[in-house]
Amino acid sequence: MTDHAASLPRASARRSIDSYDPKGKRVFVRADFHVPTDDAGNITDDRRIRGALPTIQSLIARGAAVVVASHFGRPAGIGYEAADSLQPVFVRLKELLAGQAEVLFVGQTPTDSATQAAVAQLKPGQVLLLENLRFEKGEKKGDTAFAATLAGYADAYVNDAFGASHRADASMVALPRAMKLRGAPALAGRLLEKELQFLGAALEA
Numbered sequence: 000m001t002d003h004a005a006s007l008p009r010a011s012a013r014r015s016i017d018s019y020d021p022k023g024k025r026v027f028v029r030a031d032f033h034v035p036t037d038d039a040g041n042i043t044d045d046r047r048i049r050g051a052l053p054t055i056q057s058l059i060a061r062g063a064a065v066v067v068a069s070h071f072g073r074p075a076g077i078g079y080e081a082a083d084s085l086q087p088v089f090v091r092l093k094e095l096l097a098g099q100a101e102v103l104f105v106g107q108t109p110t111d112s113a114t115q116a117a118v119a120q121l122k123p124g125q126v127l128l129l130e131n132l133r134f135e136k137g138e139k140k141g142d143t144a145f146a147a148t149l150a151g152y153a154d155a156y157v158n159d160a161f162g163a164s165h166r167a168d169a170s171m172v173a174l175p176r177a178m179k180l181r182g183a184p185a186l187a188g189r190l191l192e193k194e195l196q197f198l199g200a201a202l203e204a
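Heads up, the sequence shown is in numbering that gives the first Met the number 0, so the first residue is 0 and it goes up one at a time.
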């Protein structure tokens with residue numbers, strides 16, 4: 000078994016989003032939108048964005064307001080960097096959810112005043128994509144204060160970032176812990192469940 004596989008939970012060890020009623024709630028979805036781009040910044044493969052759609056669509060259909068977050072590239076962690084902005088991801092996500100949800104993208108870091116205001120005003124049926132988590136130095140450091148700020152954004156946490164689940168980043172470890180400490184659930188998204196089931200079957204073969 001690889002170190003990556005050993006660090007991941009069994010599919011049965013996590014609550015599914017189906018076990019949670021998100022109506023009227025804000026739900027934080029940790030996705031993996033670390034997608035490849037060309038020299039002009041255009042996305043060349045959107046499969047990771049498409050992979051997150053079933054989770055987002057399920058939550059929206061059941062009355063949630065959804066906050067989506069991801070890392071992208073390797074910024075220095077000292078604030079906004081245009082080359083590593085999630086703007087191209089926002090454009091593609093908005094296209095994919097057209098007619099299903101209003102997709103918003105504001106602010107230059109995940110915790111600036113514009114972002115916090117947008118979170119507070121988020122309504123059911125809306126999706127807010129946060130700017131690159133790695134624009135905050137606390138993300139890579141696993142900072143609990145940064146995680147606590149993100150925890151204040153939502154009533155539940157969903158991990159749908161299989162490709163990043165081995166990382167000790169704040170949004171992957173400290174954030175779900177902070178949510179659980181205040182009684183909020185940490186759930187598995189559709190993509191994570193699918194990947195864990197596939198991995199489990201492969202390991203048992």
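Where a beta carbon is used, it is the ideal one built from N, C-alpha and C, also for glycine.
Cβ neighbours of K136 in the same chain (closer than 7 Å, five flanking residues each side left out) = Excluding residues within five positions, the ones whose Cβ falls inside 7 Å are G76 and I77.
key: Enclosing beta strand (DSSP E) for F27 [first to last residue]   = According to the DSSP assignment, F27 belongs to the beta strand (DSSP E) that extends over R25 to R29.
inquiry  = My output table needs one value for Q56: the three-state DSSP class, helix, strand or coil.
reply    = Note: Q56 maps to helix in three-state DSSP.
ask   = How is R13 classed by DSSP in three states: helix, strand or coil?
value = Coil.
ask   = Looking only at DSSP bridge pairs, what is A100 linked to?
value = In DSSP, A100 forms no bridge with anything.
key: Range of the contiguous beta strand (DSSP E) that encloses A125   = First, the residue type needs correcting, since residue 125 is Gln and not Ala in the sequence shown. Where Q125 is concerned, the enclosing beta strand (DSSP E) stretches over Q125 to L128.
query = Given that a residue counts as buried once 16 or more other Cβ atoms are within 10 Å of its Cβ, and exposed if not, what is L129?
reply = Its Cβ being crowded by 16 or more others within 10 Å, L129 is buried.
key: Classification of Y19 by the beta-carbon crowding that lies within 10 angstroms, buried from 16 upward   = With 16 or more other Cβ atoms inside 10 Å of its own Cβ, Y19 counts as buried.
message = Per DSSP, what are the beta-bridge partners of P187 in this structure?
response = Reading off the sequence shown, one finds Ala at residue 187, where the question assumed Pro. Answer is S15 and N158, bridged to A187.
inquiry  = Tell me the rounded alpha-carbon separation between Q99 and I55.
reply    = Taking the straight line joining both Cα atoms gives about 10 Å.
ask   = What's the C-alpha gap between G162 and V34?
value = G162 and V34: Cα-Cα distance of roughly 11 Å.
query = If you count every other CB in all the chains shown that lies within 10 Å of the CB of N158, and 16 or more means buried, which is it?
reply = The residue is buried, with at least 16 neighbouring Cβ atoms inside 10 Å.
query = Just the Cα atoms here: how many angstroms apart are T1 and A160?
reply = Confidence at T1 is low in this model, with a pLDDT of 46, below 50, so its placement is unreliable and no value can be given for it.
Beta-carbon proximity list for D44, same chain, < 8 Å, skipping 5 on both sides = Closer than 8 Å at the Cβ level, and outside the excluded window around D44, lie V34 and P35.
query = Since P74 contacts R133 with CB under 8 Å, what's their CB separation in whole angstroms?
reply = P74 to R133, Cβ: 5 Å. Contact.
key: Integer-rounded CB distance, given that I16 should sit under 8 Å from F32   = Not a contact, Cβ separation roughly 18 Å.
query = Taking the C-alpha atoms as reference points, what is the distance between M171 and L52?
reply = Rounded to the nearest whole angstrom, the C-alpha separation of M171 and L52 is 19 Å.
message = Can you tell me which residues form a DSSP beta bridge with V66?
response = Residue pairing for V66: DSSP places it in a beta bridge opposite F27 and L127.
task = Kindly indicate the opening and closing residues of the alpha helix (DSSP H) around T212.
result = Shown here, the chain extends from 0 to 204; a query on residue 212 therefore has no answer.
task = Would you check if the distance between the CB atom of P21 and the CB atom of L58 is smaller than 7 Å?
result = Against a cut-off of 7 Å, the Cβ pair of L58 and P21 comes out as a contact.
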